[in-house]
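Novice: Counting with the working numbering, you get residues 261 to 597 for the letters of the sequence shown. Glycine is no exception: its CB is placed at the ideal position from the N, C-alpha and C atoms.
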Amino acid sequence: MDRAAEQENQYEAKMNLSDKNDLLSVIVPLYNEAENILPLYEKVSGIAPALGCGLEMILVNDGSTDGSRTLLNDLAVRDGRVKVIHFRRNFGQTTAIMAGIDYSSGDVLIPMDGDLQNDPQDIPKLLAKLKEGFEVCSGWREDRKDHALKRNLPSRIANWLISKISGVHLHDYGCSLKAYRREVIKGVKLYGEMHRFIPIYATWQGARVTEIPVAHHPRIHGKSKYGLERTFKVILDLIVVKFLAQYAQKPIYVFGAFGLVSLFVAVIAAAASLYYKVFGDKSFIETPLPLIFVMASITGIMCILMGLLAEIIMRTYYESQGKSVYLIDECRNLEQK
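(1) Looking at the strands, I want to know which residues DSSP matches up with HIS346.
(2) To the nearest angstrom, how far is the alpha carbon of GLY582 from that of LEU290?
(3) DSSP state of ILE480, grouped into three classes?
(4) Touching or not, the region 389-404 and the region 325-340, by the rule of three or more beta carbon pairs under 8 Å?
(5) Given a cut-off of 7 Å, decide if ASP382 and VAL474 are closer than it, judged by their beta-carbon atoms.
(6) If you run the structure through DSSP and keep just helix, strand and coil, what is ALA439?
(7) DSSP three-state label for GLU266, please.
(8) Where does THR559 sit, in a helix, a strand or coil, going by DSSP?
(9) Could you check if ILE297 is buried or exposed, using at least 16 other CB atoms within 10 Å of its CB as the buried criterion?
(10) If we count the other Cβ atoms within 10 Å of its Cβ and call it buried at 16 or more, is LYS492 buried or exposed?
(11) What is the rounded straight-line gap between the Cα of ASP322 and the Cα of ILE425?
(12) Find the nearest neighbour of PRO380 within the set MET358, GLY427, ARG329, ILE287, judged by alpha-carbon distance.
(13) Provide the residue span of the beta strand (DSSP E) that contains VAL521, from first to last.
(14) List the residues that DSSP assigns as beta-bridge partners of THR470.
(15) Please work out which residues of its chain come closer than 6 Å, Cβ to Cβ, to GLY360, disregarding the five sequence neighbours upstream and downstream, and give them in chain order.
(16) Kindly indicate which three-state DSSP category ASN378 falls into: helix, strand or coil?
(17) Hey, quick one: how far does the beta strand (DSSP E) through PRO371 stretch, first residue to last?
(18) Give me the Cα-Cα distance between TYR577 and GLN509, rounded to the nearest whole angstrom.
(19) Please state whether the Cβ-Cβ distance between GLY601 and SER415 is less than 7 Å.
(20) Give the secondary structure of PRO289 by DSSP, where H, G and I count as helix, E and B as strand, and everything else as coil.
(21) Do ALA294 and ASP339 have their C-beta atoms closer together than 7 Å?
(22) Are LEU284 and GLY366 touching if we call contact CB-CB under 7 Å?
(23) Using three-state DSSP, classify GLU402 as helix, strand or coil.
(24) Quick check on GLU392: does DSSP put it in helix, strand or coil?
(25) In its own chain, which residues sit with a C-beta less than 7 Å from the C-beta of GLU579, not counting the 5 before and 5 after it?
(26) Do the region 558-575 and the region 514-534 touch if we need at least three Cβ pairs shorter than 8 Å?
(27) Less than 7 Å between the beta carbons of SER398 and LEU430, yes or no?
(28) What did DSSP end up calling LEU551 once you bin it into helix, strand or coil?
(29) GLU316 by DSSP, collapsed to three states: which one?
(30) Restricting to Cα atoms, I'd like to know which of TYR461, ALA532, GLY519, VAL538 is closest to GLN506.
(31) If we call anything under 7 Å between Cβ atoms a contact, is VAL396 one with ALA467?
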């Protein structure tokens, strides 16, 4: 068998999700969703025979206080496919998803909400897109069953901003129901509200990303844990993501540029104050220019020093852990390390 044919067979094996050795990990963060746990388990278990691969459920109890712990423990005893993680306190959805990823064993990871608004019946559709060669398939709640002003409008604005700034155009970043091949999110660390940005991280790894419309049901039990304040958190996290995308390896470009602009303002302020002193008969205390000079000079110097410090931290991060600043997809006549 020649090398091209061998690579083609490897690609087909990668795209195949029906091998008995493949495993699908469904990751569900839960916070005070006791009434939804059993119906959710039954719905996910109901699709297992149609998947054609192994299934495990990672249920993460994010510090619930409504009796969820007992229900989850009972499920774990009843069904060995159920893995349960209990947090000591509430850490948030992103942290719960991160824990689910860390403790999962599947070749494909599918996070979803625990409030029954996502439909497990859509999971085979997501897997079908992965079979087409995509590494990430995101759900799109095209007909979203939430409050039009409190939830839907802020979500649309946030999705538009994220798509514009990141360059990864999706209709619905906030939909938790997504499918990832493990290799494209291996090593990803999530903070804040950044679980919605996983497709962006995957794109950085060279992943092919797509989306499909999925069902969205009204909430029946419990109440939503999110409000308008989440939109502001998303915007702040988006700034972090944009910074990491463009300047994580050269932070001096950001801090240094701002520092140079501040120093330029300081020079202009100094020149103007001298001009007024010599030709305008105005003392230094009669204008704010000397104060602007001092503040801009301090700001500029501090920004440049912060940029240098950030450079040292960045280099320490990569070199102390043996991390590479590049990613290799394939090697020819070389062993891929």
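Specialist: Taking the geometry as given:
(1) The residue labelled residue 346 in the question sits at position 86 within the sequence shown. Beta-bridge pairing links HIS346 to ASN321.
(2) Mapped onto the sequence shown, residue 582 falls at position 322. Mapped onto the sequence shown, residue 290 falls at position 30. The alpha-carbon atoms of GLY582 and LEU290 are separated by roughly 36 Å.
(3) Working through the sequence shown from its first residue, we reach residue 480 at position 220. If DSSP states are grouped into helix, strand and coil, ILE480 belongs with coil.
(4) Not touching, per the Cβ criterion.
(5) As a working mapping, residue 474 is identified with position 214 in the sequence shown. As a working mapping, residue 382 is identified with position 122 in the sequence shown. Contact: yes.
(6) Locating residue 439 in the sequence shown gives position 179, where the first residue counts as 1. In the three-state reduction of the DSSP assignment, ALA439 falls in the strand class.
(7) On the sequence shown, residue 266 is found 6 positions in, with the first residue counted as 1. Caution applies to GLU266, whose pLDDT of 46 falls short of 50 and renders its modelled position unreliable; the value that the coordinates give is listed next. It is helical.
(8) Working through the sequence shown from its first residue, we reach residue 559 at position 299. THR559: helix per DSSP, three-state reduction.
(9) For the purposes of this step, residue 297 is taken as residue 37 along the sequence shown, with counting starting at 1. By the 16-neighbour rule on beta-carbons within 10 angstroms, ILE297 is buried.
(10) Locating residue 492 in the sequence shown gives position 232, counting from the first residue. The residue you asked about is not Lys; residue 492 is Phe in the sequence shown. When all chains shown are included, PHE492 counts as exposed.
(11) Here residue 322 is taken as the residue at index 62 of the sequence shown, counted from 1. Here residue 425 is taken as the residue at index 165 of the sequence shown, counted from 1. The straight-line gap separating the alpha-carbon atoms of ASP322 and ILE425 is approximately 31 Å.
(12) Locating residue 380 in the sequence shown gives position 120, counting from the first residue. Taking only the C-alpha atoms, the option nearest PRO380 is ILE287.
(13) Here the question's residue 521 lines up with position 261 in the sequence shown. It is not in any beta strand (DSSP E) - VAL521 instead sits in the alpha helix (DSSP H) that spans 512-539.
(14) For the purposes of this step, residue 470 is taken as residue 210 along the sequence shown, with counting starting at 1. THR470 pairs with CYS397.
(15) As a first step, residue 360 is located in the sequence shown; it is residue number 100 there, counting from the start. Within its own chain, the residues whose Cβ lies closer than 6 Å to the Cβ of GLY360, once the five positions on either side in sequence are excluded, are ILE287, ILE318, VAL320, listed in chain order.
(16) Residue 378 sits at position 118 when you count from the first residue of the sequence shown. If DSSP states are grouped into helix, strand and coil, ASN378 belongs with the strands.
(17) The residue labelled residue 371 in the question sits at position 111 within the sequence shown. Run containing PRO371: 368-371, per the beta strand (DSSP E) assignment.
(18) In the sequence shown, residue 577 corresponds to position 317, counting from 1. In the sequence shown, residue 509 corresponds to position 249, counting from 1. If you take the alpha carbons of TYR577 and GLN509, they lie about 10 Å apart.
(19) The structure shown does not extend to residue 601, since the chain is modelled only from 261 through 597, so no value can be given for it.
(20) Position 29 of the sequence shown, counting from 1, holds the residue named residue 289. Strand.
(21) Position 34 of the sequence shown, counted from the start, is the residue given in the question as residue 294. Position 79 of the sequence shown, counted from the start, is the residue given in the question as residue 339. In this structure, ALA294 sits away from ASP339, with a CB-CB distance that is not shorter than 7 Å.
(22) In the sequence shown, residue 284 corresponds to position 24, counting from 1. In the sequence shown, residue 366 corresponds to position 106, counting from 1. Taking 7 Å as the Cβ cut-off, LEU284 and GLY366 qualify as a contacting pair.
(23) As a first step, residue 402 must be located in the sequence shown, where it is residue number 142. In the structure shown, GLU402 falls within a coil segment according to DSSP collapsed to helix, strand and coil.
(24) Your numbering for residue 392 matches position 132 in the sequence shown. DSSP places GLU392 in coil when its eight states are reduced to three.
(25) The count along the sequence shown starts at 1 and reaches residue 579 at position 319. Around GLU579: no qualifying Cβ.
(26) The way I'd put it, the region 558-575 does touch the region 514-534; three or more beta-carbon pairs between them come closer than 8 Å.
(27) Looking up residue 398 in the sequence shown gives position 138. Looking up residue 430 in the sequence shown gives position 170. Yes, they are a contact pair.
(28) Numbered from 1 along the sequence shown, position 291 holds the residue referred to as residue 551. In the displayed model, LEU551 falls within a helix according to three-state DSSP.
(29) Indexing the sequence shown from 1 puts residue 316 at position 56. DSSP places GLU316 within a strand segment (E or B) once states are collapsed to three.
(30) As a first step, residue 506 must be located in the sequence shown, where it is residue number 246. Selected option, being the one with the closest Cα: TYR461.
(31) On the sequence shown, position 136 is the one that residue 396 refers to. On the sequence shown, position 207 is the one that residue 467 refers to. Yes, the pair counts as a contact, with Cβ atoms nearer than the cut-off.
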